[in-house]
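Number of protein chains: 2
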Amino acid sequence: METPPAPAASLTIGQVAERTGLSVHALRFYEREGILAAPVRRTSGGGRRYSESDVEWLNLCIVLRASGMPIPDIRRYTEFVRAGAGTEPDRLALLRAHEARVLGRLAELQRSLDIVRYKVAVYEDYLEQQPAGPGL
Amino acid sequence: METPPAPAASLTIGQVAERTGLSVHALRFYEREGILAAPVRRTSGGGRRYSESDVEWLNLCIVLRASGMPIPDIRRYTEFVRAGAGTEPDRLALLRAHEARVLGRLAELQRSLDIVRYKVAVYEDYLEQQPAGPGL
DNA sequence: AGTTGATCTAGAGCCCACTCCAGCTCCTAC
DNA sequence: GTAGGAGCTGGAGTGGGCTCTAGATCAACT
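Going down the list, the protein sequences come from chains L and P. Following the numbering used here, the numbering of the first sequence begins with 181 at its first residue and continues without gaps. Following the numbering used here, the numbering of the second sequence begins with 181 at its first residue and continues without gaps.
What follows is the structure, given as structure tokens:
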């Protein structure tokens, strides 16, 4: 198999891309944007080597992005984490604010869904038995 | 009050902007993009005059946009509506496909929310009693 | 007649989050 | 040693959805 005897977990950018689903472009982009918690180690030749905890961090970033957090906010969170102990209240505040935004977004999506479903129902009724026409 | 005796409902672009929350820029943009069901009437001087049904249509467009339907898809839907009777199955298919996408998006958002809430809980616990530290 | 304010058009500009390119280096295999 | 493939950097390009500008027109008010 491919599994080495568990060395100090060192992944190339390609391997990380494969695991996370991010492109290598995106990985370098994220690094430039300053949203990696720890500086990525490099080989003598300059190649990036990611640790498992880098991958975990990226997975968090992916969740935050997927839930609509803009990169500047992720950067602020990252900076708090890098700043270490004492910034926990700031991180919590940031996460809570994000939680609230996600809740709002969920509610909005749900409202939209209700309307879309209503229109779907109208067209279904119309296509079953043509009484009048579904309007617009 | 402001209610006139219900004339042939004619609104300026500014009034429509106010009612819909869209900018006048966006209204003209949507028109250029071909996502108005009916051609907007014009005054002799070239000014747009919207009807109430234009506003209703725009409200639907807003819902579709808010739920993530891209403008080209809205345009396709609009074209079916303009094409009139016989396109109902196409419209239904389009709406059902959108419904499915919205459901998927809702599920994804919910998963992200769970993770964000987990992290919030971790930080809350940490800040109540400092046993170890919240990790990242 | 003049001023203000809304509207018009065509087209440029902006923001975001990537994405891709050129030109180079590095490692591995043959 | 050389070909291939992954990786490097800095910077340009892309796509979506608006947003804004310039310069003109128009209606209403004073």
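A virtual CB, placed ideally from N, CA and C, is assigned to each residue, including glycine.
Residue contact check for E268/L against chain P: a CB pair falls below 7 Å.
Judged by DSSP secondary structure, L283/P falls within the alpha helix (DSSP H) whose first and last residues are E268 to E308.
Not a single C-beta of chain P is nearer than 7 Å to the C-beta of A301/L.
For G194/P, the enclosing alpha helix (DSSP H) begins and ends at I193 to T200.
According to the DSSP secondary-structure assignment, Y230/L is paired through a beta bridge with L191/L. Along the segment 198-229 of chain L, the positions whose C-beta sits under 8 Å from a C-beta of chain P are A217, read in chain order.
Annotation for V261/P: the continuous alpha helix (DSSP H) segment containing it runs I251 to A263. Cβ contact annotation for S203/P (same chain, cutoff 8 Å, sequence separation greater than five): A197, in chain order. Along the segment 272-290 of chain L, the positions whose C-beta sits under 8 Å from a C-beta of chain P are L272, L275, R276, H278, E279, V282, L283, R285, L286, E288, L289 and Q290, read in chain order.
Residue environment: T223/P is assigned as exposed (fewer than 16 neighbouring CB atoms within 10 Å of its CB, all protein chains considered). In the DSSP secondary-structure assignment, R222/L is bridged to R228/L. Taking C-alpha positions only, S247/L is separated from A265/L by approximately 26 Å. Of Y298/P, V220/P and E236/P, the smallest CA-CA separation from L272/L is found for Y298/P.
Residues of chain L with a Cβ closer than 8 Å to the Cβ of E304/P are, in chain order, L272.
In the assembly as shown, S190/P is an exposed residue. Its beta-carbon has fewer than 16 other beta-carbons within 10 Å. For I295/P, the closest Cβ of chain L is nearer than 7 Å. Proximity of chain P to V196/L at the Cβ level (cut-off 7 Å) is not reached, the minimal Cβ distance being about 17 Å.
Take the alpha-carbon of Y210/P and the one of C241/L: they are about 34 Å apart. Take the alpha-carbon of I215/P and the one of T192/P: they are about 18 Å apart. Distances from the alpha-carbon of R285/P to those of G201/L, R208/L and V243/L put V243/L closest.
Taking 7 Å as the CB threshold, V235/P stays off the interface with chain L.
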